[in-house]
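Visitor: Got a structure for you, questions after.
There are 2 protein chains.
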Amino acid sequence: MPLEKREMQLLDENELSLNLIEAQYFLKNTRDQNNAKSVLVLVNGIELAGKGESVKQLREWVDPRYLRVKADPPMMLDQKQTFWQPYASSIPAEGQIMVMFGNWYSDLLVTALHVSKPLTETVFDAYIQDMRAFEQDLKNNHVDVIKVWFDLSWKSLQKRLDNMDPSEVHWHKLHGLDWRNKKQYDNVQKLRQRFTDDWTVIECEDEKARDQQFAQTILAALEYCPEHLSQNKEKWKQAVIPEALLHPENQPASDEDYKKELKKLSLKVAEALRLDDREAIIVFEGMDAAGKGGAIKRIVKNLDPREYDIHTIAAPEKYELRHPYLWRFWNKLQTDEDITIFDRSWYGRVLVERVEGFASQVEWQRAYDEINRFEKDLVNSQTVVIKLWLAISKDEQAARFKAREDTPHKRFKITDDDWRNREKWDEYLNAAADMFERTSTAYAPWYIIANNDKNTARLEVLRAILKQLRAE
Amino acid sequence: MPLEKREMQLLDENELSLNLIEAQYFLKNTRDQNNAKSVLVLVNGIELAGKGESVKQLREWVDPRYLRVKADPPMMLDQKQTFWQPYASSIPAEGQIMVMFGNWYSDLLVTALHVSKPLTETVFDAYIQDMRAFEQDLKNNHVDVIKVWFDLSWKSLQKRLDNMDPSEVHWHKLHGLDWRNKKQYDNVQKLRQRFTDDWTVIECEDEKARDQQFAQTILAALEYCPEHLSQNKEKWKQAVIPEALLHPENQPASDEDYKKELKKLSLKVAEALRLDDREAIIVFEGMDAAGKGGAIKRIVKNLDPREYDIHTIAAPEKYELRHPYLWRFWNKLQTDEDITIFDRSWYGRVLVERVEGFASQVEWQRAYDEINRFEKDLVNSQTVVIKLWLAISKDEQAARFKAREDTPHKRFKITDDDWRNREKWDEYLNAAADMFERTSTAYAPWYIIANNDKNTARLEVLRAILKQLRAE
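Note that the protein sequences, when read in sequence, are chains D and H. Position 349, counted from 1, in the first sequence is what this note's numbering calls 349; the numbers after and before it change by one each time, with no gaps. To get this note's numbering, take the position in the second sequence, counting from 1, and add 1000.
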C-alpha cells in the first residue's frame, strides 16, 4: 500500500478517529482467529520533521491504551549481536500495534554515520537485505511491518532549527548529528534512499497533511487482515531418509576405554568452549529416549554452573503462540550466558509441529528457510551453532522405555505421550530427513550421532562439538 | 529446617542423587496443583568457600535441565530501584528451581563494603528487614526461599589463596575485596552475622561434607510441599462504604469553563510530571464505564508518546498465574519510561479476584499488606504512586452502557461481561471500601473522584495528580 503514490485526501478528523478506533478493535478481535495479525510500525526520518508529533496525534485519535510506543535511543550495530536482538522482545503480539522509534534502521544509520571507518556500500546494502528478509519472515508470521520515513527539505529543516524553542531541545536529541551541516544532511538523504523504496515517505512541510497521511497509512494497515494461507500449491518433495537414521548401530566401547576417553574429551570440550570468543549454542534433537539428557550431563561435567544455561523446550504457552514461532527462542538468547544448550529447539516446527499438525503445511514448509536465516544471523554475530541429532532404532527405544519404567528414578521420564509418539515413528523419520536436507548448512551443519550404544555416542557428541568449534 | 543444627549424615551418593531427582520431578508435578511451589535458592558466602563447586556437584546429582542457575555480578544498591527489581523476572515459576548466586544480599554486602560513606547499622538492618518481608511475601505466594551461607575460617581462606591455581582466578572474581586483609574479612563476617540467623550456614572446611549438606538442604526444601491454605480463621471486618462511593454526584462544569481549565491543568500536569525527578505511576480503578479511558487521554494530551507507557490490565495469562500475583506488575515496571499509567492494576487482587472468587480468602485478605509493602518499596525508590478511583452511580453506569451500545465507535467497548459484572455491584462496593481502608497509606493515598459528570471528573483527576506530585 504505497499511500504516498496516490493523492491523499484530508478526512474529517472525527471520522478518521472513529475509523481508527473501529480498526483497532477489529485488529484486537482477530486474536486467535484465522486472520490474526499484529502491526509493527517503524518510524524514522529527518530530525524535526515531526515524527513524534504525528505519533502523538495518532495516539489522540486512537484508543491510546491499545497503541504501544517504544523509543530506544539508537545504538551502534554490534558485532556480537544480531540487528533484531535488541528489539525482539518488543515485537507485538497478535492483536497489538507497536510504534518503534528506535529500530534496526536507526541503528544502521547511526552506525553508518558515526563509525570512524564508514560502512562500505556493500556492507550497508547487505544489512538492508538481511533486514528486509527478517521483516518478510515477520510478515509471514503475522506481524505486519509498516515503515514510515518522515522527510523534510534542507530549507525547511534550517527554518525549523532557527525557530526552535530552546526548551524543546531536550525532546529532540538530534541523533548526535549536526543538522546545520549540509554535507551531513545530504549524506543522511543518500543513505536512506538506499532503503526507503518500500517505505511510506511523508513530506513534512505541512503538519496537518503529515499527520493525516501517517494516520491513514496506519488505518490502511489495521484494516488489512486477510485470512492466513494454510495449503501450499507446490507438491512437497520428500527427502530420502539417511542411512545413519535407519541404522543407528554403533560399536560399544569397553568401560575402561570409555571412562578414560570421556574424561579427556569432556575436559577438552570445556576448555575449547571457554577459549572460544564466540557464544556457543548447542542444539539436541532426536526421538524420545535418544539420550539427550545423558549427553548434556557429559558436556557440562567440567563447566561451572554459572557458565552455561540449559533450555528444555516443551509445547509453547498460549501467549507465545501469538508471536512468530521463533520469538520464544529469540528471547531465550538475550542472556549473557556464553554457552546455551537446547534440549529440543526451534526444530520442533518441522518435527513435532509438522507431524502432529500443530503447524499448517505452509508454515512448516516455510520454516526451513526461516530457520536457516535465523541461524545465519547468529553465526554472523559471532555465535557457533552446533546441531546434534541422536539416532536410535525403534527397538532400542522400546528397550529404553521398558528400562525406564523399571527404574525408580527414571520412571518420571516416561509418559503415555511417549508411547503415542512412537506410533508415528516413520513420519518422524521423514520429517527428520527433510530437516537434514534443508537445514544442514555450511555455517551450521547437522551431526547425526548413532546412539544405540550410549557411551560411544556420548564420546561422539563431544567430538562433534570439538569439530564444529574448530571448523570455523 | 535449620539443617545445620542437627548432625548431618553423609548419604550414599547414588541414593542422594536418586532422591534429588525424584524430588525434582515431584516438585515439577505440583504445577497447577494445590501444593504447587517453586524453590529459590540464594547462595552467598566467603570467597573460595566453594559455593560454585557445591552447586556444580548438586547439578550433577540432579537432572540439570530442571535446575536453573543465575549468576549476576553484585551491583550496588540503587536509590532509584528497589532491591528486588533486578531479580524479579528471574523468580522461578511453580515447579521450578532457581539457584541465584547474585542476589539482593550480595548487593547489600557490596554496597556496605564499597560505598565511601558506609551504611549505618540502622540502614543496613532496615534493608534486611525489607528483604525478609519480601521473602515472606514470596513464600506466601508459593516461592520457597532457601538461603545458604558458605562459610570459611580466616585460616582456611588464607591457605586456599596460597594454593590457588592462577588459571582459576578468572572464576573467582573475589568480589573486588582484598581477602588477604584480616580486617576486611572480619568486617564481612560481622555484617553477614546481622542477617544469617535464618540461613543454613555451611562450614566449608571439608568439601564432601559441604556438598552433602548443601544437597541435603535442597532435598529437604524440594520434598516439603504442603497444601495451600485457603480459609482464614479470623472473621473479616468489612469496612463501611465511603459516602463518596455511594454519592458520586458532582457539579457539571460549563463547556467553556471546562475547556479553559482542562487546557491549563493538562499543561500543568505534563510540566509537573516532566520536572519531577521521580518516576510516576498513575493507577486507575473504578467500575466499568467509570471513565478511565477518557481521563487517561486528558493526562497524556500534552505528553510526548515516548515519555509514557499505558498498561491495560486484563486477566492474567496461565504462565503468569504460576508466579506470585504481583510478579506480572514487577515486570511491567522494569522499563525506562518515567511515566507509567495503569488502566486497572494489582488492585484486581482485592477487587475482581476477590468478588469472582479467583483468589482464595487467605490470598485476598493477605494482599492488602503485600500491596502496601510493594508500593512502599517503590516510594522509597523515588517513585510517586498516584491512585485514582473513578466513582459512578449504578444508574449512571446503565446510562453509559446504553449510550455505548448506541454509538458506533464505542460499541466495541461493551460486552456481556460488563452487564454480568453489574449484577455484583454491591459486592464490588464492599471490596472497594475494604481496599480504601486498608491501602490508602500516607505514602500512597487513594483519591476518590466523583464521576457522574465526566468533565468535572477529568479536571479533578488532573488536580489530584498535581496534589500528589507536590505532596511529597
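We put the CB at the ideal spot given by N, CA and C, even for glycine.
Can you pull the DSSP bridge partners for A1450 of chain H?
Guide: The partner list for A1450 of chain H (beta bridge, DSSP) reads H:A1391.
Visitor: So A1023 of chain H is in the alpha helix (DSSP H); what residue range does that whole segment cover?
Guide: 1013–1029
Visitor: Helix, strand or coil: how does DSSP classify D336 of chain D here?
Guide: Looking at D336 of chain D - three-state DSSP - the assignment turns out to be coil, as it is neither helix nor strand.
Visitor: Distance, Cα to Cα, W346 of chain D vs P1064 of chain H?
Guide: 21 Å
Visitor: Note down, in chain order, all residues in the segment 311–341 of chain D with a beta-carbon under 8 Å from any beta-carbon belonging to chain H.
Guide: Listed in sequence order: T312, E317, K318, Y319.
Visitor: I'd like the list of long-range same chain contacts for M1287 of chain H, defined as Cβ closer than 7 Å, with 5 residues on each side in sequence excluded.
Guide: I1392, Q1397, Y1428
Visitor: Closest Cβ-Cβ distance between Y1025 of chain H and chain D: below 8 Å?
Guide: Interface residue, yes.
Visitor: If contact means a Cβ-Cβ distance below 9 Å, which residues of the segment 1092–1106 of chain H contact chain D?
Guide: Residues are counted here when their Cβ sits less than 9 Å from a Cβ of chain D; for the segment 1092–1106 of chain H these are V1099, F1101, given in chain order.
Visitor: Taking R1192 of chain H as part of the alpha helix (DSSP H), name the residues at either end of that continuous run.
Guide: 1182–1192
Visitor: Given a limit of 9 Å on CB to CB distance, which residues of the segment 385–412 of chain D reach chain H?
Guide: P408, H409, K410, R411, F412
Visitor: Please report how far the alpha carbon of I1146 of chain H lies from the alpha carbon of G1348 of chain H, in whole angstroms.
Guide: The alpha-carbon atoms of I1146 of chain H and G1348 of chain H are separated by roughly 30 Å.
Visitor: Does any CB atom of chain D fall closer than 8 Å to the CB of K1454 of chain H?
Guide: Output row for K1454 of chain H: interface = no.
Visitor: Looking at chain D, is there any beta carbon in it that lies within less than 8 Å of the beta carbon of L1018 of chain H?
Guide: yes
Visitor: Look up G286 of chain D in the DSSP assignment and give the residues it is bridged to.
Guide: D:L390
Visitor: Compute the distance between the beta-carbons of A244 of chain D and A450 of chain D, then report whether it is under 8 Å.
Guide: yes
Visitor: Which residues, taken in chain order from the segment 1287–1298 of chain H, show a beta carbon closer than 7 Å to some beta carbon of chain D?
Guide: G1293, I1296, K1297
Visitor: For the segment 88–105 of chain D against the segment 68–75 of chain D, do three or more pairs of beta-carbon atoms, one drawn from each stretch, fall closer than 8 Å, so that the two count as touching?
Guide: Cβ pair count under 8 Å is three or more, so yes.
Visitor: Any beta carbon from chain H within less than 8 Å of P64 of chain D's own beta carbon?
Guide: Cβ-Cβ to chain H under 8 Å: yes for P64 of chain D.
Visitor: For I282 of chain D and A220 of chain D, what's the separation of their Cα atoms in angstroms?
Guide: 43 Å
Visitor: When you check each C-beta in the segment 1071–1091 of chain H against every C-beta of chain D, which residues fall closer than 7 Å?
Guide: Along the segment 1071–1091 of chain H, going in chain order, the ones with a CB nearer than 7 Å to a CB of chain D are A1071.
Visitor: Is V1145 of chain H close to chain B? Criterion is C-beta to C-beta, closer than 8 Å.
Guide: Within the model displayed, chain B is absent; protein chains D and H are what it includes.
Visitor: Give the interface partners of R306 of chain D over in chain H, defined as CB-CB distance under 7 Å, in chain order.
Guide: G1052, V1069, A1071, F1101
Visitor: Can you have a look at H1114 of chain H and say buried or exposed, based on whether 16 or more other CB atoms are within 10 angstroms of its CB?
Guide: exposed
Visitor: What is the C-beta distance between I46 of chain D and D151 of chain D, in whole angstroms, given that I count them as a contact (C-beta under 8 Å)?
Guide: 6 Å
Visitor: Please report how far the alpha carbon of Q1096 of chain H lies from the alpha carbon of Q1024 of chain H, in whole angstroms.
Guide: 8 Å
Visitor: Going by CA-CA distance only, name the one from D:A112, D:D206, D:Q216 that's closest to Q189 of chain D.
Guide: D:A112
Visitor: Under 7 Å Cβ-Cβ, which residues of chain D neighbour K1056 of chain H?
Guide: D304, P305
Visitor: What span of residues does the beta strand (DSSP E) with G45 of chain D cover, start to end?
Guide: 38–45
Visitor: Please list, in chain order, the residues of the segment 1340–1366 of chain H that have any C-beta partner in chain D closer than 8 Å.
Guide: D1343
Visitor: Any idea if G357 of chain D is buried or exposed, counting beta-carbon neighbours within 10 angstroms, 16 or more meaning buried?
Guide: With fewer than 16 other Cβ atoms within 10 Å, it is exposed.
Visitor: So that I know if they touch, is there some Cβ in chain H lying closer than 8 Å to that of R160 of chain D?
Guide: Closer than 8 Å to the CB of R160 of chain D there is not a single CB belonging to chain H.
Visitor: Following the continuous alpha helix (DSSP H) through D198 of chain D, name the residue where it begins and the one where it ends.
Guide: Neither: D198 of chain D is in no alpha helix (DSSP H) and is coded neither H nor E.
Visitor: Taking 8 Å as the CB-CB limit, is V1461 of chain H close to chain D?
Guide: Residue contact with chain D for V1461 of chain H: absent (no Cβ-Cβ distance below 8 Å to any residue of chain D).
Visitor: State the Cα-Cα distance for the pair P2 of chain D and V148 of chain D, rounded to the nearest angstrom.
Guide: The predicted model places P2 of chain D with a pLDDT of 48, which falls under 50 and marks its position as unreliable; any figure quoted below should be read in that light. Their Cα atoms are separated by approximately 10 Å.
Visitor: Thinking L1390 of chain H and A1280 of chain H are a contact (beta carbons under 8 Å), I'd like their distance in whole angstroms, please.
Guide: So it is not a contact: roughly 18 Å between Cβ atoms.
Visitor: Check the Cβ of R1059 of chain H against every Cβ in chain D and list those closer than 8 Å, keeping chain order.
Guide: V300, P305
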